[in-house]
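K.L.:
Sharing a structure below in structure tokens format, with a few things to ask.
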Amino acid sequence: MHSVQDDDFVSRVLGIVQTIPPGRVMTYGDVAAALGSRAARAVGQVMARYGSDMPWWRVVRAGGHPPIKYEDRALKHYNTEGTPLVTRTGTTAYRVDYAAVRWFPA
DNA sequence: GTCGTGACAGTAG
DNA sequence: ACTACTGCCACGA
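Each residue of the first sequence is one higher than the one before, starting from 115 at the first, in this note's numbering.
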């Protein structure tokens with residue numbers, strides 16, 4: 115029978131994002147890989163359009179950085195959820211402790 | 001069916 | 001650390 119999230123790429127991406135537990139993160143590439151695709155960019159597009167209603171901050175780039183235009187907002191969420199961050203003194207940007215919080219859907 | 005776009009990834013300088 | 005270029009895939013016009 116048909117699962118709800120098998121309809122389109124969009125629904126599947128959203129489904130994956132919602133499975134990411136608090137304090138954990140996944141890269142765009144990993145989300146795409148979880149779908150069996152390499153469309154990391156397409157995942158970003160979906161988030162930009164439909165991510166408004168979901169924990170988009172739990173999806174980060176390969177380097178561990180959140181979306182470039184939303185780093186401020188993401189930081190607030192990380193701080194709230196207790197997501198381990200790695201900061202370098204003298205650098206403006208931070209990154210999540212990717213190795214420690216990396217999550218892959220079961 | 002073609003073109004342009006993008007909350008990306010990886011490599012090179 | 002940074003920017004620049006290329007490759008990749010899905011979507012809208």
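All C-beta atoms in this analysis are idealised placements derived from N, C-alpha and C, irrespective of residue type, glycine included.
1) What is the rounded straight-line gap between the Cα of V210 and the Cα of D121?
2) With a 10 Å radius around its C-beta and 16 neighbouring C-beta atoms as the bar for buried, classify T205 as buried or exposed.
3) Please report the distance separating the alpha-carbon of Y192 from that of A214.
4) What does DSSP give as the partner residue(s) for V139 in the beta ladder?
5) My guess is that T197 and V157 are in contact by the Cβ rule of under 8 Å, so how many angstroms apart are they, rounded?
6) As a quick exercise: from T194, W217, G177, pick the residue whose alpha carbon is nearest that of Y208.
7) Tell me whether I182 is buried or exposed, calling it buried when 16 or more other Cβ atoms sit within 10 Å of its Cβ.
8) Could you please give me the residues that DSSP links to V145 through a beta bridge?
P.N.:
According to the structure shown:
1) The sequence position of residue 210 within the first sequence is 96, counting from 1. The sequence position of residue 121 within the first sequence is 7, counting from 1. Those two C-alpha atoms are separated by around 32 Å.
2) In the first sequence, counting from the first residue as 1, residue 205 sits at position 91. Exposed.
3) Here the question's residue 192 lines up with position 78 in the first sequence. Here the question's residue 214 lines up with position 100 in the first sequence. Looking at the two C-alpha atoms, the distance is approximately 14 Å.
4) Here residue 139 is taken as the residue at index 25 of the first sequence, counted from 1. Answer by DSSP bridge pairing, in chain order: R216.
5) Residue numbering aside, residue 197 sits at position 83 when the first sequence is read from its first letter. Residue numbering aside, residue 157 sits at position 43 when the first sequence is read from its first letter. Contact flag wrong, Cβ pair sits at about 20 Å.
6) Against the first sequence, residue 208 aligns to sequence position 94. If we check each option's Cα against that of Y208, G177 comes out closest.
7) Walking along the first sequence from the start, residue 182 turns up at place 68. That one is exposed.
8) Residue 145 sits at position 31 when you count from the first residue of the first sequence. Note: V145 sits in no beta bridge, so no partner.
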